[in-house]
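So for the sequence shown, numbering that gives the first Met the number 0 puts the first residue at 0; every next one is plus one.
For reference, the structure discussed in these notes is given below.
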Amino acid sequence: MTRSRELDVVLLGAPGAGKGTQAERIVARYGLPHISTGDMLRDAAAAGTELGREAKRYMDTGELVPDEVVIGVVRDRLAEDDTRDGFLLDGFPRTCEQAERLDVMLAADGRALTHVIEIDVPEEELVARLAGRRLCRECGRSYNVVFDPPGREGVCDACGGELYQRDDDDEETVRNRLAVYRRQTEPLVEYYRGRGVLHTVRGGGKMPDEVFSQVTAILDAA
Ligand code: AP5
Numbered sequence: 000m001t002r003s004r005e006l007d008v009v010l011l012g013a014p015g016a017g018k019g020t021q022a023e024r025i026v027a028r029y030g031l032p033h034i035s036t037g038d039m040l041r042d043a044a045a046a047g048t049e050l051g052r053e054a055k056r057y058m059d060t061g062e063l064v065p066d067e068v069v070i071g072v073v074r075d076r077l078a079e080d081d082t083r084d085g086f087l088l089d090g091f092p093r094t095c096e097q098a099e100r101l102d103v104m105l106a107a108d109g110r111a112l113t114h115v116i117e118i119d120v121p122e123e124e125l126v127a128r129l130a131g132r133r134l135c136r137e138c139g140r141s142y143n144v145v146f147d148p149p150g151r152e153g154v155c156d157a158c159g160g161e162l163y164q165r166d167d168d169d170e171e172t173v174r175n176r177l178a179v180y181r182r183q184t185e186p187l188v189e190y191y192r193g194r195g196v197l198h199t200v201r202g203g204g205k206m207p208d209e210v211f212s213q214v215t216a217i218l219d220a221a
């Protein structure tokens, strides 16, 4: 689909709310560059860079990586040419400091967020989703042993790669990630409501395509 206007979008939601799942669909439909701070930090950790090693210490316990580190990563990414006509931020901002700094970064370019889409899912469903998530080591495709299982256990349907569980998807770390979300990230819902850009979609008990219909209704509205 071609876009008639700039979309500068943030996806907001607790761990397991389906940000990555919806991001894949949004990118395919609207052609926005997908900027996932979680993916960028995991890539840095896998590459063993200094930033990655520092980030991994926080990620493995479910704590947030310090603001200065993440803000620097996002600033560099938003300076790239492909974000000129729009972007999809997934997992950033996650603190008020990050949100304020993002506003300043965009304002410096005469821009402002056009949409913040919050995906709202009840907590027990989040825990079940994350316990069941599996990812392909080769192509990164995401599965869920309950909600979206692969045809053959442990094997990616798309490329035959091995499926694995993320280090921070064990139950104890998931509980901490959810507590961190409530404490540090949920206040952003009111922050963005106050700026008139917040839209909430109901994700609980709904298939990914049903959630996506709500998302497209928001992004396609004039
Ligand atoms: P990050 O990678 O951003 O993880 P997260 O926010 O915890 O989110 P997840 O990736 O776990 O979930 P998701 O909402 O994308 O759900 P998904 O679509 O995969 O961050 C990881 C860590 O990095 C943080 O803890 C922090 O340490 C650090 N970090 C990242 N950004 C940071 C920042 N800005 N500041 C500081 N630190 C930062 O779906 C989950 C599962 O549910 C999948 O199995 C999927 O198949 C299934 N599913 C999805 N939708 C549905 C549905 N509708 N119905 C049933 N199942 C579904």
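Backbone N, C-alpha and C fix where the C-beta goes; we use that ideal spot for every residue, glycine too.
Next on the checklist: What would DSSP say about residue 208, mapped onto helix, strand or coil?
Outcome noted: Three-state DSSP puts residue 208 in a helix.
Item to check | Residue interval of the beta strand (DSSP E) (run including residue 201) | outcome: Looking at the DSSP string, the run of the beta strand (DSSP E) that includes residue 201 is 197-201.
Item to check | C-alpha gap between residue 149 and residue 108, whole angstroms | outcome: The alpha-carbon atoms of residue 149 and residue 108 are separated by roughly 44 Å.
Checklist entry - Can you name the start and end residues of the alpha helix (DSSP H) that residue 69 belongs to? => result 66-77 is the extent of the alpha helix (DSSP H) around residue 69.
Item to check | Paired residues, beta bridge with residue 12 - DSSP | outcome: Note: residue 12 sits in a beta bridge opposite 118.
Checklist entry - Per DSSP, residue 134 forms a beta bridge with which residues? => result Under the DSSP definition of a beta bridge, residue 134 partners with 141, 163.
Item to check | Nearest candidate by alpha-carbon position, reference residue 189, set 111, 159, 98 | outcome: Looking only at 111, 159, 98, the smallest Cα-Cα distance to residue 189 is reached by 98.
Item to check | residue 146 beta carbon near ligand 1 (any heavy atom closer than 7 Å) | outcome: The closest heavy atom of ligand 1 lies less than 7 Å from the beta carbon of residue 146.
Checklist entry - Looking at the structure shown, is residue 41 part of a helix, part of a strand, or coil, going by DSSP? => result In the structure shown, residue 41 adopts helical secondary structure according to DSSP, grouped into three states.
Checklist entry - So, do the region 39-56 and the region 201-211 have three or more beta carbon pairs nearer to each other than 8 Å? => result Too few Cβ pairs lie closer than 8 Å, so no.
Next on the checklist: Check whether the region 149-160 and the region 73-86 are in contact - that is, three or more C-beta pairs closer than 8 Å.
Outcome noted: In this structure the region 149-160 does not lie against the region 73-86, because fewer than three pairs of beta carbons, one per stretch, are closer than 8 Å.
Checklist entry - Name the DSSP beta bridge partners of residue 87, please? => result Looking at the DSSP assignment, residue 87 forms a beta bridge with 8, 33.
Checklist entry - Hey, would you say residue 199 sits closer than 8 Å to residue 28, going by beta carbons? => result In this structure, residue 28 does not lie closer than 8 Å to residue 199 by Cβ.
Next on the checklist: Among 193, 184, 185, 166, whose alpha-carbon lies nearest the alpha-carbon of residue 59?
Outcome noted: Answer by Cα proximity: 166.
Checklist entry - Is it the case that the Cβ atoms of residue 125 and residue 13 are separated by a distance below 8 Å? => result Yes, the Cβ-Cβ distance between residue 125 and residue 13 is below 8 Å.
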